[in-house]
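Once you know that position 88 of the sequence shown is 70 in this note's numbering, the rest is easy, because the numbers rise by one and skip nothing.
We treat Cβ as the ideally placed atom computed from N, Cα and C, and that holds for glycine.
What you are looking at is a predicted structure, and each value in this text was computed from that prediction instead of being measured.
A quick write-up on the structure given underneath.
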Amino acid sequence: MLKRIIGTISIATSLIMLIAFTGKKPVVHKQKPVLGTIIIDPGHGGMDPGTLGSYSRESRVALAISLKLGKAIKAAFPETKVLYTRTTDILPGNVKTLKESYYYRSDFANQSNGDLFISIHCNAIGKKPGGWYEKKVVSYKNVTTGKGKKKKTKKVPVYKSYYVKNTHKGTETYIWAADRVEAKGDAINQRQEESGEKTDSTISFDMNSPEARIRAQLYAKKYFAKSLTLANYVEEALEKGGRRSYGVKQRNEEGIWVLQATGMPSILVESGFLSNTEEEKYLNSEKGQNDVVAAIITALKKYKAALE
Ligand SMILES: [Zn+2]
-17 MLKRIIGTIS
-7 IATSLIMLIA
3 FTGKKPVVHK
13 QKPVLGTIII
23 DPGHGGMDPG
33 TLGSYSRESR
43 VALAISLKLG
53 KAIKAAFPET
63 KVLYTRTTDI
73 LPGNVKTLKE
83 SYYYRSDFAN
93 QSNGDLFISI
103 HCNAIGKKPG
113 GWYEKKVVSY
123 KNVTTGKGKK
133 KKTKKVPVYK
143 SYYVKNTHKG
153 TETYIWAADR
163 VEAKGDAINQ
173 RQEESGEKTD
183 STISFDMNSP
193 EARIRAQLYA
203 KKYFAKSLTL
213 ANYVEEALEK
223 GGRRSYGVKQ
233 RNEEGIWVLQ
243 ATGMPSILVE
253 SGFLSNTEEE
263 KYLNSEKGQN
273 DVVAAIITAL
283 KKYKAALE
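Structure (structure tokens):
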């Protein structure tokens, strides 16, 4: 008993001394929750269909996956608040232009005080979804022209047309390239060919304004590492689930401008190629969509455990 009293007194004394010394009450910093509020951003929408498959459009596939993801997050993390930038096939906020839609996405995430931003997209590559016809030389034949002394024989190729299947498939997750902060002003308008993202090249963002620079530095300092961690977990989980993974890609193009405009860790998941017939079917199926969602949930669990 006495020990307890002495103990209590000494704790009280230390507290008083601490208050006296620092001049203020000891403050316990309340850390922002890792998964307090998650903003889910289905890519594109409405007048911006995104990439087109043989029969489906990115804006709708991304929306279907996003809505399933929101439900799964609520089930896996009951404490987490889930918000969507859009829940129907419209541009977020029902704005009229693509540029406004980018601003809407980031403003919405920031005003909602999100702790994480997840954008869902689908990819495309090649000349046409599904495949296309090409010609190749299969043999040569002799063709004779002219008569008498002008008679000439030459070899001409014989072509056959054949179908080229659009076989490229798999996933990749994008994060904003923090190490290219300085070069960003120029780089943002250069569309990078390897990315399947189609954006309106007439859009340009002022990346050199003081506000944009501060935002970019803040991203590099506070959110880049977390974004990278989560992006790696997502690709790992997708690959474990049997998908082909191209891993995490760092970009600074305008198609993913939104990733650094949201003041929070942010990733953009390219869930697969609509230009590949099998993958388009898969991404339009319940199983395919649930698989993508399950991988993101696995990643979120690891992310939460790693950061807490
Ligand atoms: Zn997209």
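For the set 39, 121 and 205, the Cα lying nearest the Cα of residue 258 is the one of 39. In the three-state reduction of the DSSP assignment, residue 25 falls in the coil class.
In the structure shown, the three-state DSSP call for residue 201 is helix.
Under the criterion of beta carbons closer than 8 Å, residue 201 and residue 160 qualify as touching, at roughly 6 Å. For residue 46, the shortest separation between its Cβ and any heavy atom of ligand 1 does not lie below 8 Å. Residue 116 sits in a strand when the DSSP states are folded into three classes. For residue 103, the distance from the CB to the nearest heavy atom of ligand 1 is below 8 Å. In this chain, the alpha helix (DSSP H) harbouring residue 92 covers 80 to 93. Across the structure, residue 122 and residue 69 are spaced so that their CA atoms are roughly 58 Å apart. Within 8 Å of the C-beta of residue 33 there is at least one heavy atom belonging to ligand 1. In its chain, beyond the 5 residues on either side, 25, 26, 39, 40, 41, 44, 103, 104 and 180 have a beta carbon closer than 8 Å to the beta carbon of residue 32. Beyond the five residues adjoining it in sequence on each side, residue 113 comes within less than 8 Å, by CB distance, of 145, 146, 147, 148 and 259 in the same chain, given in chain order. Comparing alpha-carbon positions, the option among 34, 29, 71 and 61 lying closest to residue 49 turns out to be 71.
Cβ contact annotation for residue 94 (same chain, cutoff 7 Å, sequence separation greater than five): 19, 21 and 65, in chain order. If you check the CB distance, residue 81 and residue 187 come in under 9 Å. Taking the Cβ atoms as the reference, residue 217 lies roughly 7 Å from residue 153, within the contact range of under 8 Å. At least one heavy atom of ligand 1 is found less than 8 Å from the C-beta of residue 26.
Of the candidates 199, 73, 278 and 136, 278 places its Cα closest to the Cα of residue 221. Note on geometry: alpha-carbon atoms of residue 274 and residue 47 lie some 8 Å from one another. DSSP places residue 215 in the uninterrupted alpha helix (DSSP H) bounded by 206 to 222. If you ignore the 5 residues before and after residue 272, its C-beta comes within less than 7 Å of the C-beta of 50, all in its own chain and listed in chain order. For residue 273, the three-state secondary structure derived from DSSP is helix. Secondary structure of residue 51 (DSSP, three-state): helix.
Judged by DSSP secondary structure, residue 190 falls outside any alpha helix (DSSP H); it is assigned neither H nor E.
Assigned with DSSP and collapsed to three states, residue 225 falls in coil, not helix or strand.
With a beta-carbon spacing of about 12 Å, residue 83 and residue 243 fall beyond the 8 Å limit used to define contacts. Residue 61 sits in coil when the DSSP states are folded into three classes, being neither helix nor strand. The alpha-carbon separation between residue 23 and residue 101 amounts to approximately 4 Å.
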